[in-house]
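With our numbering applied, the sequence shown covers 354 to 511. Yeah, the Cβ is synthetic: ideal placement off N, Cα and C, and Gly gets one too.
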Amino acid sequence: MSKKSKYVILTIIWMSFIFCMSNQSANISNELSRNIENLLNSTPIIGNMLSGILNSPNSQFIVRKSAHIILFCLLSILCFIVIYEIKKNVKISTVVSYSITFIYACIDEIHQLFIPGRGSQIKDVLIDSIGAIIGLIVINLIFMLKNRIKKSYSKNIQ
Numbered sequence: 354m355s356k357k358s359k360y361v362i363l364t365i366i367w368m369s370f371i372f373c374m375s376n377q378s379a380n381i382s383n384e385l386s387r388n389i390e391n392l393l394n395s396t397p398i399i400g401n402m403l404s405g406i407l408n409s410p411n412s413q414f415i416v417r418k419s420a421h422i423i424l425f426c427l428l429s430i431l432c433f434i435v436i437y438e439i440k441k442n443v444k445i446s447t448v449v450s451y452s453i454t455f456i457y458a459c460i461d462e463i464h465q466l467f468i469p470g471r472g473s474q475i476k477d478v479l480i481d482s483i484g485a486i487i488g489l490i491v492i493n494l495i496f497m498l499k500n501r502i503k504k505s506y507s508k509n510i511q
């Protein structure tokens with residue numbers, strides 16, 4: 354199996370995971386958020402660092418929106434890698450992967466209209482987009498660093 358095929362499969366699995374998370378009723382989703390809060394709170398170092406946030410009245414909101422950012426951050430990185438494997442162009446990969454991630458975020462919110470107790474919110478698409486932008490900044494920085502190291506290595510050999 355080629356490297357490109359593996360990344361395509363990983364991306365589809367990640368999109369399916371996002372779909373499954375969005376497919377949960379509001380009650381199940383809220384319970385999952387509470388479980389994540391409790392897990393973070395009970396983790397020694399993380400619980401101490403985040404105690405102010407995790408014990409605040411807005412903790413569930415923060416956990417839920419952080420999940421949006423993380424899910425779509427990783428999706429944009431996976432999409433970038435797939436497109437880069439095809440096009441070998443960082444700019445094209447960035448634009449196309451952002452577009453795919455944004456469209457998927459919109460589809461995800463429309464999907465939630467059909468789930469009991471859930472709704473569709475434009476602010477969630479914006480939060481998902483922020484996650485995508487963060488992911489693309491990270492992957493672009495990695496590529497810039499990789500290219501600098503490569504150039505530096507080439508100069509040292511000559």
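CA nearest to the CA of I460, picked from M368, S355 and R387: Of M368, S355 and R387, the smallest CA-CA separation from I460 is found for M368.
Residue burial classification, C373 (beta-carbon count within 10 angstroms, cutoff 16): Label assigned to C373: exposed.
Selection from E390, S452 and Q474 that minimises the alpha carbon distance to N411: Considering only alpha carbons, the answer is E390.
Where the alpha helix (DSSP H) containing R387 begins and where it ends: Its alpha helix (DSSP H) spans residues A379 to S395.
Under the three-state DSSP convention, the category G470 falls into: Look at G470 here: in three-state DSSP terms it is coil, with no helix or strand label.
Cβ-based burial, L427 [other Cβ within 10 Å; buried from 16]: That one is buried.
For L403, three-class secondary structure by DSSP: Coil, per DSSP.
Burial state of S507 (16 or more Cβ within 10 Å): Around the Cβ of S507, a 10 Å sphere holds fewer than 16 other Cβ atoms; the residue is exposed.
Pair within 8 Å by beta-carbon distance, M380 and G470: The sequence given here has Asn at residue 380, not Met. Cβ distance < 8 Å, so N380 and G470 count as in contact.
Length of the line joining the Cα atoms of T454 and R501: Near 28 Å, if we compare the C-alpha coordinates of R501 and T454.
Inter-residue CB distance, Y360 and L424 (contact presumed, cutoff 8 Å): Not confirmed; about 17 Å, so no contact.
Anticipated Cβ contact below 8 Å, L407 with L385, distance rounded: Contact doesn't hold; Cβ gap of about 15 Å is too wide.
Delimiting residues of the alpha helix (DSSP H) encompassing K440: Residues S412 to K440.
Candidates N376, L498, V478 and A420: closest to F467 by CA position: The shortest C-alpha separation from F467 is found at N376.
Span of the alpha helix (DSSP H), counted from its first residue to its last, around M368: Looking at the DSSP string, the run of the alpha helix (DSSP H) that includes M368 is K356 to S375.
Host alpha helix (DSSP H) of S446 (start-end): For S446, the uninterrupted alpha helix (DSSP H) segment begins and ends at V443 to Q465.
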